[in-house]
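K.L.:
Protein chains in written order, with my numbering: chain B, 81 to 389; chain A, 81 to 389. Every residue, glycine too, gets a C-beta built ideally from N, C-alpha and C.
1. By DSSP, does residue 323 of chain A sit in helix, in strand, or in coil?
2. Does the beta carbon of residue 372 of chain B come closer than 7 Å to any beta carbon on chain A?
3. Kindly say whether residue 106 of chain A, judged by its beta-carbon, lies nearer than 7 Å to any beta-carbon of chain B.
4. Determine whether the Cβ of residue 233 of chain B lies closer than 7 Å to any Cβ atom of chain A.
5. Would you say residue 376 of chain A reaches chain B, if we count a Cβ-Cβ gap shorter than 7 Å as a contact?
6. Determine, using beta carbons only, whether residue 309 of chain A comes closer than 7 Å to chain B.
7. Kindly identify the DSSP beta-bridge partner or partners of residue 252 of chain A.
8. Which residues in the same chain have their Cβ closer than 7 Å to the Cβ of residue 86 of chain B, if we skip the five residues on either side of it in sequence?
9. Determine which residues of the stretch 107-125 of chain B have a Cβ less than 8 Å from any Cβ of chain A, and write them out in chain order.
10. Starting from residue 340 of chain B, trace the alpha helix (DSSP H) in both directions and tell me its first and last residue.
11. Residues bridged to residue 217 of chain A by DSSP?
12. What is the residue span of the alpha helix (DSSP H) that residue 287 of chain B lies within?
13. Between residue 305 of chain A and chain B, is any beta-carbon pair separated by less than 7 Å?
14. Can you find a CB in chain A that lies within less than 7 Å of the CB of residue 211 of chain B?
15. Hey, quick one: how far does the beta strand (DSSP E) through residue 375 of chain B stretch, first residue to last?
16. Could you confirm whether any beta carbon from chain B is found closer than 7 Å to the beta carbon of residue 208 of chain A?
17. Return the residue from the list A:233, A:136, A:292, A:199 that minimises the CA-CA distance to residue 337 of chain A.
18. Can you list, in chain order, the residues of the stretch 341-358 of chain A whose Cβ is nearer than 7 Å to any Cβ on chain B?
19. Does residue 169 of chain B come within less than 7 Å of chain A when only Cβ atoms are used?
20. Which same chain residues, not among the five before or five after residue 112 of chain A, have their C-beta less than 8 Å away from its C-beta?
21. Where residue 309 of chain B and residue 264 of chain B are concerned, what is the direct C-alpha to C-alpha distance, given to the nearest angstrom?
22. Which residues share a DSSP beta bridge with residue 123 of chain A?
23. Can you pull the chain B neighbours of residue 215 of chain A, defined as C-beta to C-beta under 9 Å?
24. Pick helix, strand or coil for residue 101 of chain B, following the three-state DSSP scheme.
25. How close, in whole Å, do the beta carbons of residue 93 of chain A and residue 109 of chain A come, if the pair is a contact with beta carbons under 8 Å?
26. Under 8 Å Cβ-Cβ, which residues of chain B neighbour residue 219 of chain A?
27. First and last residue of the alpha helix (DSSP H) that includes residue 348 of chain A?
28. Is there a Cβ of chain A sitting closer than 7 Å to that of residue 314 of chain B, yes or no?
29. How about residue 244 of chain A: is its C-beta nearer than 7 Å to some C-beta of chain B?
30. Return the chain-ordered list of same chain residues with a C-beta closer than 8 Å to the C-beta of residue 328 of chain A, the five sequence neighbours on each side being excluded.
31. Does DSSP classify residue 86 of chain A as helix, strand or coil?
32. Is residue 312 of chain A helix, strand or coil by DSSP?
33. Hey, residue 250 of chain A and residue 297 of chain A: beta-carbon distance below 7 Å or not?
34. Are at least three pairs of beta-carbons, each pair with one atom in the stretch 134-147 of chain A and one in the stretch 369-379 of chain B, less than 8 Å apart?
35. State yes or no: is the beta carbon of residue 176 of chain B nearer than 7 Å to at least one beta carbon in chain A?
36. Secondary structure at residue 189 of chain A, three-state DSSP: helix, strand or coil?
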């Protein structure tokens, strides 16, 4: 911060939030941030050694930092090479904010000169077929692409949910309303839970003390079996325990429970549609649990494997 | 030898011969052999320390050993797992000759209790397609199989050549005889070269001092472009230099020059036929240069790759 090392739980949390659903659960990003703020915007006299600081407009800094880190991630997404999942951070730019005169907020997409991102449009690949009813096998210029159908669809659904958040016009009315029991983990927070469902695009109301009646679902989720999906989501929430992050986890769980499963047969047209939808997603290289959606078995790796060179 | 460590260049050579075309050029097998011969069949008084021996029926021992090692290899062929080419010696039996009462020659196939060989019939796999016009991608119970079309076909042709050796009835008459120049590396050995071609199933005669006229080719080779194939074979022989092993190398080179190349488009029916032919080969896990014909990307490896477990 202004060329002085400082600790700030709030900024650390902003970085972790930006990486949410991007790296596997239990892993943490490593980051060094070079931040400049006006001298009168920061109070360094919080701690005797001046290691801690207080920002005047902390909320603004938090959300700007989170958006900036996430935008950088979106820009630098690559498909991991087979055999090194998660180990390659794609082609991270040497300096995301070339020079020090690039303002951090708002993030300016045209300002970054990232170098080429080596993620092809998956929708343009030649689909060979489905293996183990789990992976979609495609060929592209760089080699053989393997796509995890569940991970890919989970990401697609999650991004759609997030995109449509608050746009209630997108909801789909159910033919018959569905009644589900409140997750035990959020018991007592019925109103807050209903509000969370509404934020996601559900039309929902309390129904007695422990139940919720749902009349419409977000467009991103298919209305079929929505009672089953909500039931499974609630069970997963109960299993994991609620905690303060349950609102964010709700969307992740809904995307997971709605997505195509491993073991489900897909027609070529369905695979094609899924790959195209994944191309539209921003954070398309991981599912909402941080697992890779696609890996690349490059031609050069295949050549080495077969002793061709 | 009879429970005493000995050195024998002849037996070492027999083992190396048995591994020929099975391991990459420049690599050597490691073996410990436990041989029992009648006491009066071996002369141990060749060297003061008795480290060297002379076998009475050395030729018989040589060929028996070679056949026995090769038969063991045939029995224990597995498809290497992706990422460990050549490093896994398939499932070698703990003791190929369980007890010491199993006669080495002739090799008794029913006597060996090898444990299951994990090579499926490639012809029964579901073909997904061709990648990079080089690899055939198939699905089987264990996962994703990648087959190198050139390596596979090279092995198929070589085995057919070896099988038909001496069976001249199998030759295919050419519409027009073909004249090719003797390889420079064997210049002066015209008669011996013609004899080598005949052993392989060619109908060939000397034609002047430095040329050979070919009227029929072995059934294993397709007669199309046989002049080009012979020309390339001769060039390769010249490049490598002849040496005493040129007769054996002739078959290997012919199989290589006749086989389907990488970069050649194959129809599904052609891929299917190739896999079935490879199943009929004995030493089907390597091409004649020791490169793998197929590798397996197992389900469990895929699951780890995608963080599914």
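P.N.:
To lay it out plainly:
1. In the structure shown, residue 323 of chain A sits in coil (DSSP, three-state: anything other than H, G, I, E or B).
2. Under the 7 Å criterion on CB atoms, residue 372 of chain B is classed as interfacial with respect to chain A.
3. Residue contact with chain B for residue 106 of chain A: absent (no Cβ-Cβ distance below 7 Å to any residue of chain B).
4. For residue 233 of chain B, the answer is no, since every Cβ of chain A falls outside 7 Å of its Cβ.
5. It does not: the Cβ of residue 376 of chain A has no partner Cβ on chain B nearer than 7 Å.
6. So no, residue 309 of chain A is outside the interface.
7. A:297, per the DSSP bridge assignment.
8. Result list for residue 86 of chain B: 131, 132, 133, in chain order.
9. Interface annotation for the stretch 107-125 of chain B against chain A: empty, criterion Cβ-Cβ distance under 8 Å.
10. Premise fails: residue 340 of chain B is in no alpha helix (DSSP H) and is neither H nor E.
11. The bridge partners DSSP lists for residue 217 of chain A are A:209, A:226.
12. Counting along the chain, residue 287 of chain B falls outside any alpha helix (DSSP H), though it belongs to the beta strand (DSSP E) covering 283-287.
13. Not a single CB atom of chain B sits nearer than 7 Å to the CB of residue 305 of chain A.
14. Yes, its Cβ sits closer than 7 Å to a Cβ of chain A.
15. Unbroken beta strand (DSSP E) run through residue 375 of chain B: 374-378.
16. By this cut-off, residue 208 of chain A is an interface position.
17. In terms of CA proximity to residue 337 of chain A, A:233 leads the group A:233, A:136, A:292, A:199.
18. Those residues of the stretch 341-358 of chain A placed with their C-beta closer than 7 Å to a C-beta in chain B do not exist.
19. Confidence at residue 169 of chain B is low in this model, with a pLDDT of 40, below 50, so its placement is unreliable and no value can be given for it.
20. Nothing meets the Cβ criterion.
21. Each residue's alpha carbon lies about 16 Å from the other.
22. DSSP output for residue 123 of chain A lists A:134 as bridge partner(s).
23. Simply 224, 382, 386.
24. DSSP, reduced to helix, strand and coil, places residue 101 of chain B outside both helices and strands of the structure shown, so it counts as coil.
25. Actually they do not touch by this definition, with Cβ atoms about 12 Å apart.
26. Under the 8 Å cutoff, chain B gives 209, 211, 212.
27. Element bounds for residue 348 of chain A: 348-360.
28. Answer no: the Cβ-Cβ gap between residue 314 of chain B and chain A never drops below 7 Å.
29. Taking Cβ atoms only, chain B never reaches closer than 7 Å to residue 244 of chain A, which makes this a no.
30. So the qualifying residues of the chain are 100.
31. In the structure shown, residue 86 of chain A falls within a coil segment according to DSSP collapsed to helix, strand and coil.
32. If DSSP states are grouped into helix, strand and coil, residue 312 of chain A belongs with the helices.
33. Not in contact: residue 250 of chain A and residue 297 of chain A (Cβ atoms no closer than 7 Å).
34. Verdict: no, contact absent.
35. Any answer about residue 176 of chain B is weak, because its pLDDT of 43 lies below 50 and its placement is not dependable; what the coordinates show is given next. It does not: the Cβ of residue 176 of chain B has no partner Cβ on chain A nearer than 7 Å.
36. A caution first: residue 189 of chain A carries a pLDDT of 37, below 50, which makes its placement in the model too unreliable to give a value.
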